[in-house]
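Novice: Using my numbering, the letters of the sequence shown map in sequence onto residues 30 to 313.
Beta carbons: idealized from backbone N, C-alpha and C, even for Gly.
Mind looking over this structure? Questions follow.
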Amino acid sequence: MGNIVVFGASGQLGHCLKKVAEEKGVADIHFLPEDEANILNVEAIKTVFEKHKPTYAINCAAYTAVDKAEDDVDLARSINKTGAENLAVACKEAGSVLVHVSTDFVFKGDNPNPRVEDDIAEPISIYGLTKLEGEQDIIRILDEHFILRTSWLYSEFGNNFVKTMLKLGAERDLLKIIADQVGTPTYGIDLAACILDIITSGKTNYGLYHYSNEGVTSWYDFAKGIFDLSATEVRVLPIRTSEYPTRATRPTYSVMDKSKIKLTFDIEIPYWRDSLAICIERLK
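As structure tokens, this is what we get:
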């Protein structure tokens with residue numbers, strides 16, 4: 030399997046990878062601090078590759094502040110596009126495989142059918158656009174890549190919707206949650222396990238894949254599930270997107286078809302509510 034290096038290791042998915050790697054006994058994996066492995070610093074990246082000689086590089090680094098990105102275009106693009114490009118170049122020079130995490134936000138979200146990997150990507154936000162640009166640069170530069178698009182990521186680490194809802198549910202009597210945006214939550218631990226399963230499989234079926242938990246839900250029903258499973262007593266009202274305007278436009282429907290990744294790597298994907306129950310139990 031060889032050495033694995035993780036960029037963006039201090040983020041939510043980086044923490045999930047560290048936990049799963051420990052559970053799976055994956056020894057030769059290096060979680061790099063940002064001051065040593067900044068994906069915008071080409072020389073630092075070269076030093077990392079010379080030191081660790083990775084067979085696989087996992088990129089968890091991303092600019093994910095969706096609304097802020099609308100006004101912070103240059104920084105979002107530098108991290109999501111240029112950073113991905115830098116890693117693809119380094120992997121090509123070193124003969125390494127790049128595992129890169131992308132997003133359902135590359136889709137416009139106006140088609141009520143699960144998106145497959147070769148559907149046309151039409152992002153409607155700067156975040157989605159810069160993530161798509163990163164994908165395109167990787168595909169252009171490096172054949173040996175796995176790009177995993179995911180959605181609605183949460184875990185017991187970092188800042189995410191589940192932890193925000195638990196905090197607000199404990200503080201307030203009433204919450205209004207958007208009910209007309211539909212997608213699928215993804216437990217970061219499940220995504221991390223999928224990434225490591227792909228690597229340890231040794232398969233070379235490189236390309237673009239979709240991964241989220243199974244099932245379909247709205248943000249409203251996701252919130253209801255969080256409160257039900259955590260026994261949080263709070264009144265939740267469904268609202269339309271138009272009642273809660275945001276700087277960035279979100280896809281209305283961003284459910285992704287996972288058939289390709291399941292068939293290629295023989296992966297079983299948990300149902301979103303089952304994984305949510307595990308996460309909430311761990312948060313307790």
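Quick one: which unbroken beta strand (DSSP E) runs of 3-plus residues sit fully inside the stretch 90-147? Chain order, please.
Specialist: 126-132
Novice: For VAL34, report the span of its alpha helix (DSSP H) as first-last.
Specialist: Careful: VAL34 lies outside any alpha helix (DSSP H), inside the beta strand (DSSP E) at 33-36.
Novice: Can you name the start and end residues of the alpha helix (DSSP H) that VAL191 belongs to?
Specialist: 190-200
Novice: Taking all protein chains shown into account, decide if LYS313 is buried (16 or more other Cβ within 10 angstroms of its Cβ) or exposed.
Specialist: exposed
Novice: Considering only residues of the same chain and omitting the five flanking positions on each side of GLU162, which have a CB-CB separation below 6 Å?
Specialist: LYS110
Novice: Kindly indicate which residue of TYR235, LEU61, GLY244, SER283 has the alpha-carbon position closest to the one of ASP303.
Specialist: Comparing C-alpha distances from ASP303 to each of TYR235, LEU61, GLY244, SER283 shows the shortest one belongs to GLY244.
Novice: Please report the distance separating the alpha-carbon of ALA222 from that of SER39.
Specialist: 17 Å
Novice: Are the CB atoms of LEU61 and ILE87 within a distance shorter than 8 Å?
Specialist: no
Novice: Starting from GLY249, follow the beta strand (DSSP E) in both directions and report where the run begins and ends.
Specialist: It should be noted that the sequence gives Tyr, not Gly, for residue 249. Unbroken run through TYR249 is the alpha helix (DSSP H), 248-258; no beta strand (DSSP E).
Novice: Please report the straight-line C-alpha distance between GLU185 and CYS308, rounded to a whole angstrom.
Specialist: 6 Å
Novice: Just how far apart, CA to CA, sit SER241 and ASP219?
Specialist: 8 Å
Novice: Please identify the residue among GLY187, ALA56, ILE228, ALA73 whose C-alpha is closest to the C-alpha of GLY217.
Specialist: GLY187
Novice: Could you give the distance in angstroms between the alpha-carbon of ILE298 and the alpha-carbon of ILE149?
Specialist: 25 Å
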